[in-house]
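Novice:
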Amino acid sequence: MLHVTWKGLLAHKIRLATTAIAVLIGVAFMAGTLVLTATIGSTFDGLYKDINAGTDVVVRQAQSVSGGQGFGETRAAVDASVLPTVQAVAGVRVAQGNVSGYAQYVDKNGKAIGNPNRGAPTLGFAWSDDPSLNPLRLASGSAPTGPTDVVMDKATADKYGFAVGEQVTVLTQTGANQYTVSGIARFGNVDSPLGATLAVFDTSTAQQVLGLPGKYSDIAAAAEPGISQEELAQRVQAALPDGLEAVTGKALTSEQQSQTRKVVSSFSTFLLVFAVVALFVGCFLIYNTFSIIVAQRSREMALLRAIGASRRQVLSSVLIEALLTGLFASVVGVVVGMGVAVGLRSLLSAFGFGIPATGLTIEPNAIVVPILVGVLITLASAFFPARKASKVPPVAAMRSVQTDDSGRSVARMVVGALILALGVLQLFIGLFAKPDNALAVVGGGAVFTFLGVAVLGPVIARPVARVIGWPIARLRAMPGVLARDNAMRNPKRTASTAAALMIGVGLVAFILIFWASATDSIRGVVDKGFVGDFVVQSNAGLQGGLPPEVATQLKALPQVGTVAETRVTVAEVAGSGTALFGVDPAAYGSIADLQVRQGSLDGLSQPGTIAVYDQTAKDKGWAIGDTVPVTFPATGPQELKVVALFHDQNIAGSYVIGLPTYEANTQVQFDYAVYVKLAPGVSAADGRAAIETVTDAYPNAQVQDKVEFADSIVGQVTSLLLFVIVLLLLAVVIALIGIANTLALSIFERTREIGLLRAVGMTRSQVRSAVRWESVIIALLGTALGLVIGLFFGWALIRALADQGFDSFSIPFVWLVVVVVVAFLSGVGAAIFPARRASNLNVLDAISSE
Amino acid sequence: MTAATTAPPTIAARAVDASKIYGKGDTEVRALDGVTVDFPAHAFTAIMGPSGSGKSTLMQCVAGLDTLTSGQVFIGDADLSSLSEKQLTLLRRDKIGFVFQAFNLVPTLTAEENITLPMDLAGRKPDAAWLNQIVTTVGLGDRLHHRPSELSGGQQQRVAVARALASRPEIIFGDEPTGNLDSRAGAEILTFLRDAVKQMGQTVVMVTHDPVAAAYSDHVLFLADGKIVDRMDEPTADRVLDRIKQFGH
């Protein structure tokens, strides 16, 4: 039996090639993702190891505040007076204060270098003299010695053409100032640590410009030879005042490594979703291919059964074919996956999400898991056709047995409806009941919805194909009639071919609808909530921004009426980490409309106060006058008094504090954004010109009016969703391969018929036309189903997010029409190869083929 | 019989020194070996011979389904070797009718759509009166909207004959048209074909191995080893059978 299977496999290798390709693509993407994320993870691991290589003990604040998703831990700085204490501890060979903070270079054209919001950070440091505590190595020049010296990382120097002795402008908390490049340094043996830019000052200058006068970010110490890190850490801890902790270099390294791994792993999950989608679509293709293969070989199967093969043997024979195909495809897929990893890296940086990674880290699970998944998927998809093969009655070897291709059984309708209902239910639960693992529940709901529609597909395939085919039959005469009839003749096959495309189109349509609704909502929020004229943005992340002097200078302009600066910090509010915004209590109200319902923002001018989103206040049972526990990195746990309740939490989140509270509880003051309302009577053009006289000196400042402001937010959302759509196109490509595959196999089945048509006078181009339009009908069928599902998903998600500011449900009709046109063209494209094969059939051979 | 009432005898199709050779050297097979023959118009010609005699090859080449290695074939005045693939296809569509042994019909089309297939391919509207006459002749009036899977073998062949007649071709080729039918259904088909010749002035060339079928024709060509070895006019089943026996199997 194995011999028969092997022979069968070889004979049908071309047919199985498309199955193999579908599995290969999904597996390659999965393997590529796993390799890429492992590489990123190990690159960061290596980075932290290198940074902390010579550091045996680190002294820092014991109190840390977690900022929630992806923001890591933030701590306050250490008082400089602790340094001598540490240096005095027996066993400490050398100890130095580290200073780190925000510092951004300006290139020779006046543009700020780097985009810390979206890319690698722009960092400022203090230079350490001891090489074991300083991972930087001078490549040229010398260490910084005075308040105007800076050492630049070699990558920046090379890329932007700076040499030792030249002047460079650096943006820091103290403004945009000129420094002399005293030296150029490499980080270990690379030109820059993963793309971050480094501006290194001498220690006292660093403290000044990085906003930590009289303090250190932390203190690093190296041990005398013979003393272990743990031992030294204990000794240092004993000498420290309360509130500080001493951790070993090893502990620090693994802490940093695991923080990064968390972020990397959620990114990995994000990408893996697309691999799963591609594999899910591949399932349909595999199912289809094996169904057709089984149908075409039913006579052969019947013969085997007639001469004594058991049902199980026939079943295993097909499954082994599937197994071997899946295995081969998965192994090749893993190899291709390495190339995918490299490609993904480039794709991400093309979309502005530059990911640092050197070389490729290939862990065993990046090989084993995709192979297992690929094989299992192939087996699972081939199972039902295999079972059907085993059910062929032996008598079919001698006479043809009628097979029901209509797919209109009651069982199918019931099962399909049940699965669909289950999927929709799961979707609603996941979206509206908001359980803990909401994402998994919603994902499961989506899968079952697609499956349910796929099972019900044959029931609606025939009538829908008739409708879609009607204009084609009218416009394309005989070939059109044949195309429509062929699309309708086997609803099961048509439906399952179209279903693969339905998934890709459905998800793309869903993303488009979500994008249109989200961008509409964003513009709505900005329109309603932002009542000023201009925003000065800094493109900073949680670190850095505009020095406060920018806002001061703006206030002095006669064209400017009100200036409201906003700052941001990480804090734990009522137990959960969040980004907390600090606003100018007097001016903010004229710039942003938070829809204050109770109390007043004026109350924020008192330190120790907070304003809360009214829904959150209701949930937590807070009223005006109650206190909210907030833990700041610098000052630890505080109790802030509620002085106002507001209704719009889309502008600044659920909690807002005033600048007095902010300044009292944070160390480094940067403006995240400065909002400006012009004086009455000043035109927008004049206003902008005036503002720019101030902001031109700060290259990281970007002046935007209301529309540009909304555009920049929308732009970020668009970038992300565009990236998602590009990844979804993978699934679409597989689906199109599936259409071409089904067509090619169907043409093989219809060889005699095509021969007859050619004999009776159908020209080659008419044959191609018939095949092409059949493909178009199938593609449009899948698209129609996909659009309906995508609309449903989009509506459901927007409804679920209604309380988070997504109040518009908007359908981007133009884009959806583009989707239909692309589907139409893809149908034409998928048919090119099968159509050519059909038209090139030798007439004589065709009509006498068996 | 005056000259005024009989149409002058014309040739519907012609082969001139037609040869079809497969392979080379030792493995050379001469399916057709320099065959020269005329197929008169308005007549029913049968082509017979043992398997391997070249009868099917001759028909296929004359019908434009296959190409000769050497020699010429004419349908009317058109030299098939001078036609492009597309022109050959159009010739088959407009000037030739086919009735194969089996698989004559497109399964997704109704009987009526199968009958008008060549004309639909050409984008021409069939003449309703003519269509009616043919359908009545072959007796398919009540089956027009059925699909081939809903018709018996005999009915399917009748649809094929109707299709062959509907486009009023210059010549109709049949390849063992009754091969899969029982004797009653077969006799029906052969009668239709003969009536088409006698009453509608059609030209029919039929390949067959069945002496009974051959008896319906006006004359029979006997082929062996790629050459015409004999002819017979006004055949009867017995005479044909006798002649076949002489091939000696």
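If you read the protein sequences in the order shown, they are chains D and C.
At position 155 of the first sequence the residue is numbered 155 (the numbering used here), and the sequence of numbers has no breaks.
At position 55 of the second sequence the residue is numbered 905 (the numbering used here), and the sequence of numbers has no breaks.
No residue lacks a Cβ here, since even glycine has one placed at the ideal position from N, Cα and C.
Taking the straight line between their C-alpha atoms, what separation do you get for L482(D) and Q922(C)?
Specialist: 35 angstroms
Novice: Kindly say whether L841(D), judged by its beta-carbon, lies nearer than 8 angstroms to any beta-carbon of chain C.
Specialist: Cβ-Cβ to chain C under 8 angstroms: no for L841(D).
Novice: Give me the chain D residues within the contact set of G973(C), using Cβ-Cβ distance strictly less than 9 angstroms, ordered along the chain.
Specialist: A477, M478
Novice: Can you pull the chain C residues whose beta carbon is under 9 angstroms from the beta carbon of L745(D), in chain order?
Specialist: Neighbours of L745(D) on chain C: none; closest Cβ ~17 angstroms, over 9 angstroms.
Novice: Which runs of the beta strand (DSSP E) spanning at least 3 residues fall entirely within the region 687–767 of chain D, listed in chain order?
Specialist: 702–705
Novice: Within the same chain, show all residues whose beta-carbon is closer than 6 angstroms to that of L825(D), passing over the 5 residues directly before and after it, in chain order.
Specialist: Setting aside the 5 residues that flank it on each side, L825(D) has no residue in the same chain whose C-beta is closer than 6 angstroms to its C-beta.
Novice: Strictly under 8 angstroms for the Cβ-Cβ distance: is F889(C) near chain D by that measure?
Specialist: no
Novice: Quick one: does T852(C) have its CB under 8 angstroms from some CB of chain D?
Specialist: Reliability fails at T852(C), whose pLDDT of 47 lies under 50, so the model's placement of it is uncertain and no value is given.
Novice: Rounded to the nearest angstrom, what separates A853(C) and G902(C) at their Cα positions?
Specialist: Unreliable positioning characterises A853(C) in this predicted model, as indicated by a pLDDT of 45, which lies under 50. The coordinate reading is nonetheless provided below. For A853(C) and G902(C), the distance between alpha carbons rounds to 42 angstroms.
Novice: What are the residues of the region 752–782 of chain D that lie near chain C, defined by any Cβ-Cβ distance shorter than 9 angstroms?
Specialist: Contact residues of the region 752–782 of chain D toward chain C are R752, E753, G755, L756, L757, R758, A759, V760, G761, M762, T763, R764, S765, Q766 (C-beta to C-beta distance below 9 angstroms).
Novice: Tell whether a beta-carbon distance below 8 angstroms holds between G416(D) and G452(D).
Specialist: In contact: G416(D) and G452(D) (Cβ atoms closer than 8 angstroms).
Novice: Which partner residues of A1074(C) appear in the DSSP bridge assignment?
Specialist: K1077(C)
Novice: Could you tell me how far apart the beta carbons of S906(C) and V1057(C) are, in whole angstroms, since I believe they sit closer than 8 angstroms?
Specialist: 6 angstroms
Novice: Secondary structure at F646(D), three-state DSSP: helix, strand or coil?
Specialist: Assigned with DSSP and collapsed to three states, F646(D) falls in strand.
Novice: If you follow the alpha helix (DSSP H) that G506(D) is part of, which residue opens it and which one closes it?
Specialist: Taken as a continuous stretch (DSSP letters only), the alpha helix (DSSP H) holding G506(D) covers 491–529.
Novice: At least one CB of chain C closer than 8 angstroms to the CB of P834(D): is that the case?
Specialist: no
Novice: Terminal residues of the continuous alpha helix (DSSP H) containing K434(D)?
Specialist: Taken as a continuous stretch (DSSP letters only), K434(D) belongs to no alpha helix (DSSP H), as it is neither H nor E.
Novice: Under 7 angstroms between beta-carbons, which chain C residues line up against R489(D)? List them in chain order, please.
Specialist: T958
Novice: Give a yes or no on contact between the region 1004–1023 of chain C and the region 943–961 of chain C, applying the rule of three or more CB pairs nearer than 8 angstroms.
Specialist: Look at the beta carbons and you see the region 1004–1023 of chain C touching the region 943–961 of chain C: at least three pairs across the two are nearer than 8 angstroms.
Novice: Quick one: does I292(D) have its CB under 8 angstroms from some CB of chain C?
Specialist: no
Novice: How is P834(D) classed by DSSP in three states: helix, strand or coil?
Specialist: helix
Novice: Quick one, which of V318(D), G110(D), Y160(D) has its alpha-carbon nearest L16(D)'s?
Specialist: Considering only alpha carbons, the answer is V318(D).
Novice: Distance check for A176(D) and F809(D), CA to CA, integer angstroms please.
Specialist: Cα to Cα, the separation comes out at about 44 angstroms.
Novice: Is P458(D) close to chain C, meaning its C-beta is less than 8 angstroms from at least one C-beta of that chain?
Specialist: no
Novice: Is there a Cβ of chain C sitting closer than 8 angstroms to that of I734(D), yes or no?
Specialist: no
Novice: Provide the residue(s) that pair with N177(D) in DSSP beta bridges, ordered along the chain.
Specialist: V170(D)
Novice: Q983(C) CB to nearest chain D CB: under 8 angstroms?
Specialist: Chain D contact via Cβ: absent.
Novice: Alpha carbon to alpha carbon, how far is W795(D) from G738(D)? Give it in angstroms, no decimals.
Specialist: Distance between the alpha carbons of G738(D) and W795(D) is about 29 angstroms.
Novice: Name the two residues that bound the continuous alpha helix (DSSP H) containing F1042(C).
Specialist: Note, F1042(C): alpha helix (DSSP H), 1033–1050.
Novice: In this structure, does DSSP put E572(D) in helix, strand or coil?
Specialist: Judged by DSSP in its simplified three-state form, E572(D) adopts strand.
Novice: State buried or exposed for A88(D), treating a residue as buried only when at least 16 other CB atoms are found within 10 Å of its CB.
Specialist: exposed
Novice: Measuring CA to CA, which of R1008(C), R1013(C), V1054(C) is closest to A1037(C)?
Specialist: R1008(C)
Novice: Where do the ends of the alpha helix (DSSP H) carrying L24(D) lie?
Specialist: 13–51
Novice: For Y872(C), count the other beta carbons within 10 Å of its own beta carbon; 16 or more makes it buried, fewer makes it exposed. Which is it?
Specialist: Result: exposed.
Novice: Using the rule of at least 16 other Cβ atoms within 10 Å of the residue's Cβ for burial, across every protein chain shown, is A551(D) buried or exposed?
Specialist: When all chains shown are included, A551(D) counts as buried.
Novice: Can you give me the Cβ contacts of I847(D) inside the same chain, cut-off strictly under 7 angstroms, excluding the 5 residues immediately before and after it?
Specialist: R752, G755, L756, A759
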